[in-house]
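Line by line, the protein sequences give chains A and B. Quick note on numbering: this note's numbering labels position 72 of the first sequence as 167, and the sequence is numbered without any gaps. Quick note on numbering: this note's numbering labels position 312 of the second sequence as 945, and the sequence is numbered without any gaps. All C-beta atoms, glycine included, are put in the ideal place defined by N, C-alpha and C. Bear in mind the structure is a predicted one, so any value in this text is a computation, not a measurement. Scroll down for the structure; my scribbles are underneath it.
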Amino acid sequence: MDKEKIYAVIKKHMLENLEDLNESDIEPQKSMKDFGANSLDIIEVVSCSMRELNIKIPRSELADINTIDELADKFIAGAAAGGINVK
Amino acid sequence: MEDILNYSLADFQYNDNPDVLAPPEEFETWINDPRINYCFSFFEQQLLRTPKTTTEILSNLDHKKRKVINLTSYNYLGLCSHPEVIQAAHEALDQYGLGASGAPLLSGTFDLHVKFSKMLADFKQKEDCLLFSSGLSGNLGAIQGILRKGDIFILDEKCHKSLVDGGTLSGAKMLFFEHNNIESLNRMLEKSKGRRTLVAVEGVYSMDGDLVKLKEIVEACDQYRAAIYIDEAHSTLMFGAHGRGVAEHFGLEHKMGVTFGTFSKSFGGVGGFICTNAKLTRYLKCYSSPYHFSCAPSPVIVAGLIKALEVATRDSTLRDKLWENVNYLKKNLSDLKLDLGNTESHVIPIIIGSSGEKLFQMATEIQKRGLFLQPVDFPAVPAQSRRFRISVSSQLTKAEMDEACNIIEDVVVKGLKM
Chain A
96 MDKEKIYAVI
106 KKHMLENLED
116 LNESDIEPQK
126 SMKDFGANSL
136 DIIEVVSCSM
146 RELNIKIPRS
156 ELADINTIDE
166 LADKFIAGAA
176 AGGINVK
Chain B
634 MEDILNYSLA
644 DFQYNDNPDV
654 LAPPEEFETW
664 INDPRINYCF
674 SFFEQQLLRT
684 PKTTTEILSN
694 LDHKKRKVIN
704 LTSYNYLGLC
714 SHPEVIQAAH
724 EALDQYGLGA
734 SGAPLLSGTF
744 DLHVKFSKML
754 ADFKQKEDCL
764 LFSSGLSGNL
774 GAIQGILRKG
784 DIFILDEKCH
794 KSLVDGGTLS
804 GAKMLFFEHN
814 NIESLNRMLE
824 KSKGRRTLVA
834 VEGVYSMDGD
844 LVKLKEIVEA
854 CDQYRAAIYI
864 DEAHSTLMFG
874 AHGRGVAEHF
884 GLEHKMGVTF
894 GTFSKSFGGV
904 GGFICTNAKL
914 TRYLKCYSSP
924 YHFSCAPSPV
934 IVAGLIKALE
944 VATRDSTLRD
954 KLWENVNYLK
964 KNLSDLKLDL
974 GNTESHVIPI
984 IIGSSGEKLF
994 QMATEIQKRG
1004 LFLQPVDFPA
1014 VPAQSRRFRI
1024 SVSSQLTKAE
1034 MDEACNIIED
1044 VVVKGLKM
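Here you go:
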C-alpha cells in the first residue's frame, strides 16, 4: 500500500477530529498529541483510518508508536500482512 | 490464526456490520475462538452467597459449586452483610416497599433520601449532596451537568470510564495528563487558561491502588484557578482519621470543589453521590440527566446505607481492622518477592507481566485451589502489566489470608519462575 495514500487518510481524520488544526501544520515526525489530540481523539483517528484503509491491527501493537510516520509504517505492515487476519 | 490472542476488547469498538443489530463480524470470530472464550469464562461467574471473605461460586471453569476465599469483592468493610445494615433494610422494605416508584423531583424522594443526603453532606463537610442510583451515573451525571461545550475537562489518564463518558456527554474539551504527573498537568492547565476548567482525579486509583498526589495537584490548580473534582469511590469510609477519604487524609478537603463517592464498595450497597456547594447541587438537580430522569434509589438500599454510614463512622474499628489486614497481606506478599506496583492502599495488584496466557493459566489454578482472585487483562491495564488485583476486606481472618498467600505462592510465585 502506498505510504502517501495512508498518510493522506490519517491526515484527513486528524483534520476531522482535532480542533484548530490546519493541514499545513501537520508534520509526520510529530505525535498526534503535539497537535492537541487526547487519547480518545487518537483512538478515533486510528480507528477511522484503519476502517477506511480496510486494515486491522491489534491495539496492543499500537501502544509504542510515537509519531504519525510510525503509524503509517505500521499500517503498511498491517496491509502487507493481509489486513485483518483474525479469521 | 495465531495472532487472534493479540486482539482484545480495545479492538472492536467500531462496528461497520451492515446489519445494525449485529456485532462486528471480527468480534464474533474473536470471541467465539475457544482460547478467547476460555478467558471470558472468568467473567460473570455466579456468586451463590453473600460476598463475604469466604463465599461460594458456581465456577464457569467446570460448572461446579466451589467454596472460595474471596479477595475480589469490593465489600471492603463487610457492610454488605452487617447485621445492623440488613436489619435496617428489612424494616425499610416493610415500611416503604421495594422501589421508589418515581424520579426524585416528582414522586421518588422519600424522607430517607433527605435524611441520608444531609448525613453525607455533613460527613463530607460540604453544603449539600445529590444521590444517584448507580456510581457510574453519579460521575457521568455530575460531569455532564457541570460542564458545557467550550469548557475544559482535565483528567488524570487513569480516571474511571464514568468520568470520561461524562466528559464526552458534556461536550467539553477533554485533556488527559500523565498519571499523577504534575508537569503534565501544568501543561494542560496552561492550554486551558481563560476557560472554565475542571480537573478530575481519584483518591485511590482502582487498578494500581496508588493515591492521588493531591497536595501538588491542589497547588497547580490554585495557580490556574481550576476547580477540582475528586472521585473517592475506593477511599470513602477508609482513608482519613474519620473515614472521609483521601482528601481528609491529606488535610485538603476544603480545596475539593466536588467530592464523589459510590455506595457499591465500602458502603456495601449500590448507588453514588456527590457533595458540593448548595447552589451547584440545586442546579444539578435540574440539569444532571441521570439524577433528573432516573428513578430515585430504592428506599430499602438507602435505609441500609444510612445504617452502614452510622456503623462505619461510630468509631474506627472497621478501618483499623482493614489497615491491619492490608499491612499483614502486603508484608506476606512482599516476602514472596511479588511485584505489587506502587500500591498505597487496600487495592493490591500482583503484576504478572505481558503474558496473557500465563495470567489465565494461573487464574485457573488459583480458582481450582479455592481462591476467588480475578485476573485483570489488557485493555483494563497496560498490556505489559497484566495482573491479579486483590481487594482487601476488614473481615478477612488471619487463617484466610494465610491460606490465600499459600495458594498465591504455589501458583503465582512458582508460575513466574517457569
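If you draw a straight line from the Cα of B/S988 to the Cα of B/S1024, it is about 22 Å long. Between B/C713 and B/G1003, the CB-CB gap reaches or exceeds 8 Å.
Taken atom to atom, the span from the alpha-carbon of B/L773 to that of B/V797 is near 8 Å.
The Cβ atoms of B/M840 and B/R1019 lie no closer than 8 Å to each other. Contacts with chain A at 8 Å (Cβ-Cβ) include B/Q646. Going by DSSP, B/Y862 is part of the beta strand (DSSP E) stretching over A860 to D864. Two segments are said to touch when three or more pairs of C-beta atoms, one from each, lie closer than 8 Å; by this definition the segment 958-969 of chain B touches the segment 1033-1044 of chain B. One finds Y640, D644 and E659 in chain B with Cβ atoms closer than 9 Å to the Cβ of A/K151, taken in chain order. Residue contact with chain A for B/M840: absent (no Cβ-Cβ distance below 8 Å to any residue of chain A).
Interface annotation, A/S126: not in contact with chain B, CB-CB separation never under 8 Å.
The alpha carbon of B/E943 has as its nearest neighbour, out of B/K1031, B/H875 and B/K806, the alpha carbon of B/H875. Of all residues in the segment 130-143 of chain A, only G131, N133, S134, L135, D136, I138, S142 and C143 place a beta-carbon less than 9 Å from a beta-carbon of chain B. In the structure shown, B/S1024 falls within a strand segment according to DSSP collapsed to helix, strand and coil. In this structure, DSSP gives B/C928 a state outside helix and strand, which the three-state scheme calls coil.
Using a Cβ-Cβ distance cut-off of 8 Å, the segment 874-890 of chain B and the segment 848-866 of chain B are in contact, since at least three pairs of beta carbons, one from each stretch, lie closer than that value. Around B/L802, no beta-carbon contact reaches into chain A at under 7 Å, the shortest distance being about 12 Å. DSSP, reduced to helix, strand and coil, places B/F993 within a helical segment of the structure shown. B/L938 is a Cβ neighbour of B/F896, given a cutoff of 8 Å. Chain A places a beta carbon closer than 8 Å to that of B/L808, counting this residue as a contact. Assigned with DSSP and collapsed to three states, B/T950 falls in helix. At a cut-off of 8 Å between beta carbons, B/D784 makes no contact with chain A. The Cβ-Cβ distance between B/A1016 and B/F675 does not fall below 8 Å. Contact check between the segment 945-957 of chain B and the segment 762-771 of chain B: fewer than three CB pairs, one atom from each, fall below 8 Å, which does not count as touching.
Around B/D649, the beta-carbon contacts reaching into chain A at under 7 Å are R146.
Residue contact check for B/P1012 against chain A: a CB pair falls below 8 Å. The Cβ atoms of B/A1037 and B/L745 lie no closer than 8 Å to each other. Counting only residues of its own chain and dropping the five nearest sequence neighbours on each side, B/L802 has a CB closer than 6 Å to the CB of Q777. Counting only the Cα atoms, B/I983 lies some 20 Å from B/K898.
Residue-level contact by beta carbon holds for A/A158 and chain B, with a gap shorter than 8 Å.
Within the DSSP bridge table, the entry for B/C762 names B/C908 as partners. Along the segment 765-794 of chain B, going in chain order, the ones with a CB nearer than 8 Å to a CB of chain A are E790. Classified as exposed, B/L654 has fewer than 16 neighbouring CB atoms from the shown chains inside 10 Å of its CB.
In this structure, the alpha-carbon of B/Y647 lies about 9 Å from that of B/P656. Contact with chain B is found for A/S155, since one of that chain's Cβ atoms lies less than 8 Å from the residue's Cβ.
Going by DSSP, B/K700 is part of the beta strand (DSSP E) stretching over K698 to N703. C-alpha of A/R146 to C-alpha of A/L135: approximately 16 Å in a straight line.
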